[in-house]
Amino acid sequence: MTAQPAAAEATPARARIWDFPTRLLHWLLVLLIPFSWWSATHDHLPWHILSGLTILGLLCFRLLWGLFGSPTARFSRFLAGPRTIAAYVGGRLGRVVVGHNPLGGWSVAAMLLVLATQVGLGLFSVDEDELNEGPLSRFVDFDTGRAIAHWHHKVFWVLVALIGIHLIAILVYALKRRNLLGPMITGVGRLAPGAQAPPLAPAWRIAAAALAAFAITWVIAHGLRLR
Amino acid sequence: MAVIHRNGLLRTLTTAGAVLAAGAVVAAGLTGADALKDRQAHMKEMGKASKAIADELKTGKADPAVIKPNADKIATNSKNIPTWFPKGSGPETGLKTKALPIIWTDPEEFQTKAHNVQVAAANLDAVADTGDMAKVGPAAKELGQACHSCHEKFQAKEKDD
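Chains as they are written, first to last, in my numbering: chain A, 138 to 364; chain B, 9 to 169.
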């Protein structure tokens, strides 16, 4: 680690930690997850399905962005092994973290995984009135589709529990004077001394991932049938 | 003391009511539990037939040979809906059911909604018989809305089971 000038230590360096697509995706989920719940419980199933398909598109994008996106969005960078997690929890991690810490990375992965499960169940759900079934429901029989709809109701609460943990973690860090909310809004956050500002993925890659995500979602929304 | 007395009276009345209700069911030749199980089997049969029609419509070139028998099955079943809910075949059976007590406390509206299903099912059956598959979609949707209208009021939501 190189020696820092006194002035830089007084005001820590700031840098863009989260790129634009990651932040937009995050805040769209903040809007769409409660909307999905509201529209399902208030008998607005066509809106619920539209909202779910939009979330499917966002998840497809996030998967691609986790492989080809900016460094702080990549799975390979934020999914740590058990030893790294233990070191982080014990305060023995010998390096500075930019982006998700070893624990937070898995929290994000768990939320995305449960959300993907939830959307997946919705795709195959069968409605007993045959008015609003998932776009892939024709691949399952009535009983299976009803059982899937039942699990679609249950898994939502697993997602709610994980989001609850996520919010508590943000609160705990806030009490430790670490602002996690600000950087998720502006993208800019404080860099610990010695940390390097992460590079951002170029705009063409955002466009390519968004286009691919839209195409996948479109095909699924049409029941894997290209007419 | 008086409170205990009143509770005791209430319990006696409730028990008497349940016995009377059960009596009505037995008079119809079925126990409440039997009626409940029969009902659920019939409803499932209608659900499966509806799904078969919906899935066939999604192919974009619906085969009348698939649509017709299923529409017929729903229409036949729907005529019997009013007989599937004898008194004593609700939650008091102790079995898992989404049938709400309001079915028996507001029988007039229940019968009206059940009748609407019957009309929509008969219409779907008639439309299917004409062989004009373009008209089956709207008729099936009308039936789904009739089913939903009744379920919305008289069936417990998923979270309650």
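Virtual Cβ for every residue (Gly too), placed ideally from N, Cα, C.
Neighbourhood of residue i by C-beta distance below 7 Å, restricted to the same chain and skipping five residues each side
i: glycine 31/B; result: Below a pLDDT of 50, predicted positions are generally treated as unreliable, and glycine 31/B, at 48, falls in that range; the measurement from the model is reported next regardless. Once the five neighbours on either side are set aside, glycine 31/B has no close Cβ partner at all.
i: threonine 191/A; result: Leu169
i: asparagine 85/B; result: His50, Glu53, Met54
i: threonine 101/B; result: Gly40, Ala41, Leu44
i: asparagine 78/B; result: Ala57, Ala60, Ile61
CB contact check: residue i to chain A, cutoff 8 Å
i: lysine 66/B; result: yes
i: alanine 62/B; result: yes
i: serine 58/B; result: yes
i: glutamine 48/B; result: no
i: glutamine 153/B; result: yes
i: glutamate 166/B; result: yes
i: glutamate 150/B; result: no
i: glycine 145/B; result: no
i: histidine 156/B; result: yes
i: glycine 96/B; result: no
i: aspartate 80/B; result: no
i: histidine 5/B; result: The requested residue 5/B does not occur in the structure, where chain B is confined to residues 9 to 169.
i: glycine 55/B; result: yes
i: phenylalanine 162/B; result: no
is_contact[residue i, chain B] using C-beta, thresh 8 Å
i: valine 356/A; result: no
i: histidine 185/A; result: no
i: valine 292/A; result: no
i: leucine 268/A; result: yes
i: glycine 360/A; result: yes
i: phenylalanine 279/A; result: yes
i: histidine 181/A; result: no
i: histidine 303/A; result: no
i: histidine 237/A; result: no
i: valine 256/A; result: no
i: histidine 163/A; result: no
i: valine 297/A; result: no
i: arginine 275/A; result: yes
i: leucine 348/A; result: no
i: valine 233/A; result: no
i: valine 263/A; result: yes
With 16 other Cβ atoms within 10 Å as the buried cut-off, status of residue i
i: phenylalanine 351/A; result: exposed
i: proline 94/B; result: buried
i: isoleucine 357/A; result: buried
i: lysine 87/B; result: exposed
i: leucine 28/B; result: Residue confidence is low: leucine 28/B scores 47 on pLDDT, short of 50, so the model does not pin down where it sits. Its coordinate-derived value is still stated next. Burial call: exposed.
i: isoleucine 111/B; result: buried
i: lysine 104/B; result: exposed
i: leucine 151/B; result: buried
i: valine 245/A; result: buried
i: proline 320/A; result: buried
i: alanine 134/B; result: exposed
i: tryptophan 202/A; result: buried
i: glycine 68/B; result: exposed
i: threonine 354/A; result: buried
i: valine 127/B; result: exposed
i: histidine 289/A; result: buried
i: alanine 286/A; result: buried
i: leucine 313/A; result: Looking at the sequence itself, residue 313/A is lysine, so the reference to leucine does not match. Classification of lysine 313/A: exposed, given that the 10 Å Cβ count is below 16.
Neighbourhood of residue i by C-beta, 8 Å cutoff - its chain only, sequence neighbours within 5 removed
i: proline 109/B; result: Gly98, Pro99
i: threonine 254/A; result: Val292
i: leucine 230/A; result: Thr221, Ala224, Pro239
i: serine 188/A; result: Leu169, Phe172, Ser173, Ser176
i: serine 157/B; result: Lys121, Asn124
i: histidine 179/A; result: none
Strand pairing of residue i, partner residues [DSSP]
i: arginine 153/A; result: Val325/A
i: glutamine 163/B; result: Ala107/B
Cβ-based neighbour list, residue i, same chain, cut-off 6 Å, excluding 5 preceding and 5 following
i: alanine 332/A; result: Val233, Val235
i: aspartate 264/A; result: Glu270
i: alanine 247/A; result: Leu299
Quick one: any contact between the segment 148-160 of chain A and the segment 332-351 of chain A, if contact means 3 or more CB pairs under 8 Å? Segments in contact, yes.
Contact between the segment 49-66 of chain B and the segment 274-281 of chain A: three or more CB pairs below 8 Å? Contact holds: three or more Cβ-Cβ distances are below 8 Å.
Hey, is the segment 97-115 of chain B in contact with the segment 140-153 of chain B, meaning 3+ C-beta pairs nearer than 8 Å? Flag = no, the segment 97-115 of chain B and the segment 140-153 of chain B do not touch.
Would you be able to state if there are at least three C-beta pairs under 8 Å between the segment 172-191 of chain A and the segment 259-273 of chain A? Yes: the two stretches touch, three or more of their Cβ pairs being nearer than 8 Å.
When the Cβ atoms of the segment 278-298 of chain A are set against those of the segment 206-218 of chain A, are three or more pairs found closer than 8 Å? Note that the segment 278-298 of chain A does not touch the segment 206-218 of chain A; fewer than 3 beta-carbon pairs, one per stretch, sit closer than 8 Å.
Could you tell me whether the segment 219-227 of chain A touches the segment 237-248 of chain A, where touching means 3 or more Cβ pairs closer than 8 Å? The segment 219-227 of chain A vs the segment 237-248 of chain A: in contact.
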